[in-house]
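What follows is one structure encoded as structure tokens, with my remarks underneath.
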Amino acid sequence: MITRMAKITTLMGVVMLDYDFMQHAFAAAGIVAIVAGVVGFFLVLRGQTFAGHALSHVGFAGATGAILIGGSPLSGLIAFTLLAGIGMGALGDKLSGRDVAIGVILSLSLGLGLLFLHFFTAYATQATALLFGNVFGVSNGTLLVLFGIGAAALIALGVIARPLLFASLQPELAEAKGVSLRLVSVLFLAIVALAVSACAQVVGVLLVFALMVGPAATAQRLTSRLGLGVALAAGLALVEAWLGLVLAYYTDWPASFWITALSALAYFASLTGNRRAAIPAH
Amino acid sequence: MTRMASTSIPAIELEQVTIALGGRFILSDVSLAVGNGEFIGVLGPNGAGKTTLMRALLGLIKPSSGHITVLGEQAIRGNPAIGYMPQLRSLAAHLTLRGWDFVASGIDGHRWGLPVLNAARRQAVAEAIDLVGATHLAQRPLGDLSGGERQRLMLAQALLGRPRLLLLDEPLISLDPHHQRVVVELVREVQQRLGIAVLFSAHELNPLLAAMDRVLYLGNGHAALGTVDQVINGPVLSRLYGSSIDVVRINQRIFVMSGGHDVERDAHMHENGHGHDHDLGHGHDHAHGQDHNPDGRRHA
């Protein structure tokens, strides 16, 4: 019985993975999920989730601007988020408590993106793909770029991980011990920019929260151990992304919807399953 | 080992130090020396420069003139011989991370690379946590601990690397009198066991009375260092506050009063609940009469 079911599942899986676009989707979602989970863990730990959100919106203006001048949307996305990330990091403390300013720039970016698309003919398809992701349309070339930026983000994170953690938990002490808070912040937000760019390819700029923040926040609810938390964030993101693809394949509903749904489900399940949830974080 | 050899060198030496921040003189022409193994209570009104002094000792602020020497060497950022416990930030109160990982983040935290602990580093973290009696707390999420318990772990982190000088910035803030006493006693015990010098800043004098060897009182750009009797008296404090100060002693407690007002109590009420404050900004005038909590005098 079990072997028969396994056979059927395998069969369905084989059929699903016979398609090139499904293979690409699984590879892209896999790379992105792991990067987003790991980078997102530090983003949540530092309380900078809003910065991640803002970066993705700036990326939208970059991507549409690139289309307008005949470039590739992905390169525009990466360039703009990177610049914005470095800028935000360099401004540092001057941005803290400036949620309104960030929010205004955020909506301006979306507005600019809309304008750029207005001048471009293939309006609707491009807009939807950028805003909500197009994981089933990932080409070989894009996959290669995703692998490149994913690897770059993880390697860079590995290099700064120790001072980043120290600076996130105890900034004054870290500063006294010789850590440059600004340098760490700039490098980290550059890494976040890379992760956001990659993430946007799968779930779109509007939904990067689903992979960058959801799994990381869930992981921090489930474990208080650092190493386990990072691994769990990556694992959750991977499961949510892949399961989202499978569900999208069988229901024909958008993959981005399923990923956001699974991300939300896991997060709220972790809230109810954890007694700390009873204490409101203020 | 080195401790024996260095007993003759003062832990801290300030020679005619002037520090100006934002056009205001925090310290002007201050000279003082703190010996090894001394427990110094650092007091003074808000903005008097308690945090600024610590940041200067850490090499984060350069004096505009004069020399600051720490353990015989010029104050320099990243000095491993100094342990530092900054004011508790609100972030730590909501962390789901366990205390152990929080403390461990401080070990060689300035070095690039992955925060992977080898056996020696794990041992050092465990020893520091054990030293403050927090082994049973270390596996719990930081956000689940009480303020006093978190302070214990912060102290453990400050003790990583076996510092010979410990700077504690307002460790008593937002603690109730019982936990204040526990933290003071803990610091005193650790300080005596390790034979290190401690600068312990606080808003109120009384919690520190039993523990400290000498008091360093800052105010108006000046500093007075000496025994409680030498420093906590009308003439010295009047100079530091720049207004007439009376010192009232009731049962072994000391109240610093200005015009019938307990100035330390006021400072405490202002500061309570704030995040960290670099002692810049608002120079509250504690002399003027504001609405005062009638229960204010009944602390501890």
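Chains as they are written, first to last, in this note's numbering: chain H, 818 to 1099; chain B, 373 to 672. Glycine included, every Cβ here is placed at the ideal spot set by N, Cα and C. No experiment lies behind these values; they were computed from the predicted model shown.
Are the C-beta atoms of residue i and some chain H residue less than 8 Å apart?
i	result
R483(B)	yes
L571(B)	no
Q529(B)	yes
S477(B)	yes
S378(B)	Because S378(B) carries a pLDDT of 46, less than 50, the predicted location of this residue cannot be relied on, and the following value inherits that uncertainty. For S378(B), the answer is no, since every Cβ of chain H falls outside 8 Å of its Cβ.
E643(B)	The predicted model places E643(B) with a pLDDT of 47, which falls under 50 and marks its position as unreliable; any figure quoted below should be read in that light. So no, E643(B) is outside the interface.
P487(B)	yes
P458(B)	yes
P513(B)	yes
D651(B)	Any answer about D651(B) is weak, because its pLDDT of 39 lies below 50 and its placement is not dependable; what the coordinates show is given next. No, D651(B) does not count as interfacial toward chain H.
How should residue i be labelled, buried or exposed, when 16 other C-beta atoms within 10 angstroms of its C-beta is the threshold for buried?
i	result
V414(B)	buried
L912(H)	buried
V832(H)	exposed
E385(B)	buried
R461(B)	exposed
S477(B)	buried
L834(H)	exposed
N957(H)	exposed
N644(B)	Caution applies to N644(B), whose pLDDT of 45 falls short of 50 and renders its modelled position unreliable; the value that the coordinates give is listed next. Flag for N644(B) reads exposed.
Q563(B)	buried
T1089(H)	exposed
N490(B)	exposed
Q624(B)	exposed
L948(H)	buried
P549(B)	exposed
G394(B)	exposed
Could you check where the beta strand (DSSP E) with residue i kicks off and where it finishes?
i	result
F627(B)	R625 to S630
G795(H)	Any answer about residue 795(H) is impossible in this case: the structure gives chain H only from 818 up to 1099.
M457(B)	I454 to M457
T775(H)	Nothing about residue 775(H) can be read from this structure; chain H reaches only from 818 to 1099.
D401(B)	R396 to V406
A595(B)	H594 to G598
L540(B)	L537 to L540
A569(B)	A569 to S573
N415(B)	First, the amino acid is wrong: residue 415(B) is Leu here, not Asn. F411 to L415 is the extent of the beta strand (DSSP E) around L415(B).
Between which two residues does the alpha helix (DSSP H) holding residue i run?
i	result
A392(B)	Segment I384 to L393 is the beta strand (DSSP E) holding A392(B); no alpha helix (DSSP H) there.
F474(B)	G471 to A476
V917(H)	D916 to H935
V587(B)	Counting along the chain, V587(B) falls outside any alpha helix (DSSP H), though it belongs to the beta strand (DSSP E) covering R586 to G591.
For residue i, return the contacting residues in chain H, with the cut-off set at a CB-CB distance below 7 Å.
i	result
T507(B)	Within 7 Å Cβ-Cβ: nothing; T507(B) doesn't reach chain H, min ~16 Å.
F474(B)	L986
G450(B)	K994 and G995
L430(B)	A993
Can you pull the chain B residues whose beta carbon is under 8 Å from the beta carbon of residue i, in chain order?
i	result
Q1037(H)	T468 and L469
V996(H)	G481 and H482
Going by C-alpha distance, which of the options is nearest residue i?
i	options	result
L486(B)	L1088(H), A845(H) and V1047(H)	V1047(H)
F897(H)	A878(H), A1012(H) and I886(H)	A878(H)
L531(B)	Q446(B), L404(B) and G455(B)	G455(B)
L1060(H)	W1075(H), A868(H) and V1030(H)	W1075(H)
P389(B)	P382(B), F627(B) and S403(B)	Looking at the sequence provided, one finds Val at residue 389(B) rather than Pro. Comparing Cα positions, the closest option is S403(B).
R560(B)	L544(B), A582(B) and G591(B)	A582(B)
F983(H)	G614(B), V475(B) and I622(B)	V475(B)
D401(B)	S436(B), N418(B), R586(B) and A420(B)	S436(B)
L885(H)	L934(H), S924(H), A918(H) and V855(H)	L934(H)
G419(B)	L580(B), H575(B), A528(B) and M584(B)	H575(B)
T441(B)	A464(B), I381(B) and N592(B)	I381(B)
Is residue i close to chain B? Criterion is C-beta to C-beta, closer than 8 Å.
i	result
P980(H)	yes
A993(H)	yes
A1086(H)	no
G975(H)	yes
R999(H)	no
V832(H)	no
V855(H)	no
E1057(H)	no
F953(H)	no
L872(H)	no
F1005(H)	no
L963(H)	no
F983(H)	yes
S1041(H)	yes
L860(H)	no
L990(H)	yes
Applying a beta-carbon distance threshold of less than 8 Å, which residues of chain H neighbour residue i?
i	result
L674(B)	Chain B is shown from 373 up to 672; residue 674(B) falls before or after that span and cannot be answered.
P435(B)	Here the premise fails: no neighbours, minimum Cβ distance about 16 Å.
P535(B)	By Cβ distance, chain H contributes nothing, its closest Cβ being about 11 Å from P535(B), past 8 Å.
Confirm the yes/no value for this check: CB of residue i, any heavy atom of the ligand SAH, distance under 7 Å.
i	result
V952(H)	Among the ligands in the structure shown, none appear at all, so the ligand SAH cannot be discussed.
Residue i touches chain B at which residues, Cβ-Cβ below 9 Å?
i	result
F1074(H)	The premise fails here: F1074(H) is roughly 29 Å from chain B at the closest Cβ pair, so nothing lies under 9 Å.
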